[in-house]
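Structure first, commentary second.
Residue numbers (my numbering), protein chains in the order written: chain G, 1 to 322; chain S, 1001 to 1251.
What follows is the structure, encoded as structure tokens:
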């Protein structure tokens, strides 16, 4: 079957900044795919190239088999993009906005579908309202509706939930899951790693314009060979010998990395020998955020001296808004 | 409706929704020029032997309104879309660069013609005018507004800030229109300025437009229309090349 998205050796430079260096990526039809990475990793650039908003310096990009440059009419018909920025046209009402967007795709008499999309996104009551009068969350819904007017088989959402309240976020994910069940391919970028973990079956992680990890979400999470031991201790400080294991420390609560259950016993013994009492103990499974942090730090260009320390974790731009 | 038709409709709707600002205001401004200049210049020698100054002035002012509003329409629409980011709504769909060009320029022509017609209608209540060759009037209005609509598109594509469009307007469009013979016949100018005026393409548009009213002009209207058409073709080719490359629109 034709891949929904096929990206081959894409390079893109903005002046002195190499935004993308040799991206290869394939997303199959019907996938729910996540594109993760810190700010400036190149996620939005990649999406812009996919959508024709930017042009790759070299390499080829296809949507449903159609080249985004040579065959742009077909590729754009196959793609719906929900942009990251909250943009709107202040001259028009919600319905006008959606009708005009349909018209750009050459669609006449699209009102039945527009009504359905508005209904699903709880926009029906705002159909006649001017775009300017809508709240941020409502404007976000209109952007989603605009991306769907032409029923694209492939839908890209670029951080659709940034700055969006919990209720809308839940509603939006329910809606997008439904689209995926109906056969739409979904590509999602988000800063909320729990969201990516819950929604995406496969994930690519980008860093400095390169794909540094590409696997199913479960493989990514399972490939961490570590567990986390969360301890609250009293009576003495954490022994220095354990410093290399610390993921983070706050007051007397320390989260330590352990490779296996067998190591737990040894760590606890060291804590007791230092004269500290263990007041609370919890064993945590790694989640996608841990994988993300580990992968992003591992790629620091070989500067792994003397073990990873807590500041690495705190400085990682994994989820600033979590 | 086709993609092109929708973009044209959207561009027309855009200025129509703020018609007070985009149509009524420029009509009023132009009429103020007419009132003030025809008052100040009352008793001034007749132009072309028989035409009173106020009658001579009206076609110039109408054409100036046509040109300035055609420029304002495409340039402000595009720069607003770029600054607010909603330009992506027209960049994401499968619109060709021809669709894009034609829709923006035709909407500019429409705005220029509507404002020009407004100025002309009100002026007729104040000043007696003849209409010797109506087809020439229409031909020059269409060509002039298309040229300025295209220039507006170029300004909008090139500019990254509002003040760059304003600079384009203040330092290029305004001097070229004001010095094109809107308010005077170039025969009243010293020799040097007369010859310099022949290098201003706007001069030919105004002169030819006036020919349609009075049947007399400084330059043969066929030549003027030819110059206008060549200017339009050159600017169209340039704009299409910019759009095809995605210059400052698709990065």
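Glycine included, every Cβ here is placed at the ideal spot set by N, Cα and C.
Query                                                                                                           : Result
For residue 154 of chain G, the first and last residue of its enclosing beta strand (DSSP E)                    : 154-158
Selection from G/294, G/89, G/231 that minimises the alpha carbon distance to residue 270 of chain G            : G/231
Residue 1088 of chain S at chain G interface by Cβ criterion, 9 Å                                               : yes
Delimiting residues of the beta strand (DSSP E) encompassing residue 205 of chain G                             : 202-207
C-beta neighbour in chain G for residue 1253 of chain S, strict 9 Å                                             : Outside the shown range of chain S (1001 to 1251) lies residue 1253 of chain S, about which nothing can therefore be said.
Proximity of residue 154 of chain G and residue 34 of chain G at Cβ, strictly below 9 Å                         : no
Beta-carbon proximity list for residue 1059 of chain S, same chain, < 7 Å, skipping 5 on both sides             : 1209, 1210, 1213
Cutoff 8 Å; reference residue 1131 of chain S; Cβ partners in own chain excluding five residues on either side  : 1137, 1212, 1213
Whether residue 140 of chain G touches residue 117 of chain G by CB criterion (9 Å)                             : no
CA-to-CA distance, residue 125 of chain G to residue 1142 of chain S, given in whole angstroms                  : 43 Å
Bridge partner(s) assigned by DSSP for residue 213 of chain G                                                   : G/205
Integer-rounded CB distance, given that residue 161 of chain G should sit under 8 Å from residue 172 of chain G : 7 Å
9 Å Cβ cutoff met for residue 32 of chain G and residue 255 of chain G                                          : no
Cutoff 9 Å: residue 257 of chain G Cβ touching any chain S Cβ                                                   : no
Rounded straight-line distance, which links the Cα of residue 41 of chain G to that of residue 301 of chain G   : Here the model assigns residue 301 of chain G a pLDDT of 48, short of 50, so the residue's position is not dependable and the matter cannot be decided.
CB of residue 992 of chain S within 9 Å of CB of residue 1090 of chain S, strictly                              : Nothing can be reported for residue 992 of chain S: it is not among the residues displayed for chain S, which extend from 1001 to 1251.
Distance CB(residue 217 of chain G)-CB(residue 288 of chain G) smaller than 9 Å                                 : yes
CA-to-CA distance, residue 1071 of chain S to residue 1174 of chain S, given in whole angstroms                 : 11 Å
Simplified DSSP state of residue 1086 of chain S, which is helix, strand or coil                                : coil
Alpha carbon of residue 207 of chain G to alpha carbon of residue 19 of chain G, nearest angstrom               : 10 Å
DSSP three-state assignment for residue 190 of chain G, whether helix, strand or coil                           : coil
N-terminal and C-terminal residue of the beta strand (DSSP E) that residue 230 of chain G is part of            : 227-234
Neighbour flag for residue 5 of chain G against chain S, beta carbons, 9 Å                                      : no
Closer than 9 Å to chain G by CB, residue 1003 of chain S                                                       : yes
Residue 1246 of chain S: contacting residues in chain G (beta-carbon distance under 8 Å)                        : 55
Min CB distance residue 1078 of chain S to chain G below 9 Å                                                    : no
Identified DSSP bridge partners for residue 20 of chain G                                                       : G/12
Simplified DSSP state of residue 1243 of chain S, which is helix, strand or coil                                : helix
Short CB-CB distance (under 9 Å) between residue 301 of chain G and chain S                                     : Note that residue 301 of chain G has pLDDT 48, beneath the 50 cutoff, so the model's placement of it is unreliable and the number below is only indicative. No - not a single Cβ of chain S is within 9 Å of the one on residue 301 of chain G.
Expected contact under 8 Å - CB spacing of residue 175 of chain G and residue 120 of chain G to nearest Å       : 6 Å
Straight-line Cα distance separating residue 73 of chain G from residue 1188 of chain S                         : 56 Å
Rounded straight-line distance, which links the Cα of residue 105 of chain G to that of residue 1095 of chain S : 8 Å
Among S/1227, S/1222, S/1128, the one whose alpha carbon lies nearest that of residue 1198 of chain S           : S/1227
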